[in-house]
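Trainee:
Protein chains: 2
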Amino acid sequence: GDIAAGKTKSATCMACHGANGISQIPMYPNLAGQKEQYLALQLKAFRSGERKNMVMAPMVAGLSDADIENLAAYYASLDPSGK
Amino acid sequence: GDIAAGKTKSATCMACHGANGISQIPMYPNLAGQKEQYLALQLKAFRSGERKNMVMAPMVAGLSDADIENLAAYYASLDPSGK
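Quick note, the sequences are listed as chains B and C, same order. Using the numbering used here, you'd call the opening residue of the first sequence number 611 and step up by one each time. Using the numbering used here, you'd call the opening residue of the second sequence number 611 and step up by one each time.
See below:
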C-alpha cells in the first residue's frame with residue numbers, strides 16, 4: 611500500500627480513530643502500528659459484510675481495494691504509542 | 611478487569627498474539643496497548659458468534675465474562691511498542 615495516499619484517505623477515519631491512530635473512544639480500537647495485513651483484512655470484511663458493524667459498513671462501502679491497501683499501510687506505519 | 615488474572619489466562623493467546631501482545635502472524639492483530647473496552651467487546655462478539663471467526667470461536671468458548679474483562683485489562687496494560 612501507499613502510505614501517503616492512505617494518509618489522504620484517512621481523513622474520514624480520524625474522528626473516531628484519532629489523528630495519530632489512537633482512538634478517542636474506548637469502544638473503538640487504536641489503529642496505529644497495527645499489522646498491515648490485519649487492517650486490510652478487516653476493512654475488506656467490513657466491506658463484504660462478513661464482519662458486521664453498523665458504523666464501519668458505510669465508511670468502507672466506497673473504498674476500492676487500493677484504498678484499503680493504502681489505508682492499511684498508513685495506519686501500520688504510525689507509531690503505536692501515538693507519538 | 612484484573613491484570614494479573616488476565617496474564618495467567620493469556621497463555622492460550624500467546625502463540626498467535628505474542629508473549630508481549632505483538633502478533634507473530636501478519637494476519638492477526640497486535641493486542642498490546644489496545645483499548646480495554648474494545649478488547650472485551652470483541653472477545654464477547656467472538657463468544658456470541660456476532661463476530662464470526664473459526665480460529666477465535668473455540669478459543670473464547672470457555673471464557674466467563676470475568677475472564678474476558680481480565681484478559682482485556684491485561685492486554686490493554688501492555689506497552690503497545692512491545693517493550
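Built from N, CA and C at the ideal position, the CB exists for glycine as well.
Roughly how many whole angstroms lie between the Cα atoms of Lys617(C) and Lys619(B)?
Mentor: Approximately 37 Å between the Cα atoms of the pair.
Trainee: For Gln647(C), name the three-state secondary structure that DSSP assigns.
Mentor: Residue state, collapsed to three classes: helix.
Trainee: Can you tell me where the alpha helix (DSSP H) with Thr618(B) in it begins and where it stops?
Mentor: Per DSSP, Thr618(B) belongs to the alpha helix (DSSP H) from 613-619.
Trainee: With respect to the alpha helix (DSSP H) encompassing Ile678(B), which residues constitute its N-terminal and C-terminal limits?
Mentor: Element bounds for Ile678(B): 675-687.
Trainee: From Lys693(B) to Phe656(B), what distance separates their C-alpha atoms?
Mentor: So the alpha carbons of these two residues sit roughly 28 Å apart.
Trainee: So, does the CB of Leu651(C) fall closer than 8 Å to a CB anywhere in chain B?
Mentor: Answer yes: the Cβ-Cβ gap between Leu651(C) and chain B drops below 8 Å somewhere.
Trainee: Only counting the same chain, and skipping five residues up and downstream in sequence, which positions put a Cβ closer than 6 Å to that of Gln634(C)?
Mentor: Excluding sequence neighbours, Gln634(C) sits near Gly628.
Trainee: Determine the chain B residues that contact Gln634(C) at a beta-carbon separation under 8 Å, and present them in chain order.
Mentor: Those do not exist, as Gln634(C) stays about 10 Å from chain B at its closest Cβ, beyond 8 Å.
Trainee: Starting from Pro668(B), follow the alpha helix (DSSP H) in both directions and report where the run begins and ends.
Mentor: Its alpha helix (DSSP H) spans residues 666-670.
Trainee: Please return the same chain residues whose Cβ sits closer than 7 Å to the Cβ of Ala650(C), not counting the five positions on each side in sequence.
Mentor: If we look at Ala650(C) and ignore the five residues flanking it on each side, its Cβ neighbours are Ile678, Glu679, Ala682.
Trainee: Tyr625(C) by DSSP, collapsed to three states: which one?
Mentor: It is Ala, not Tyr, that sits at residue 625(C) in the sequence shown. In this structure, Ala625(C) counts as helix in the three-state DSSP scheme.
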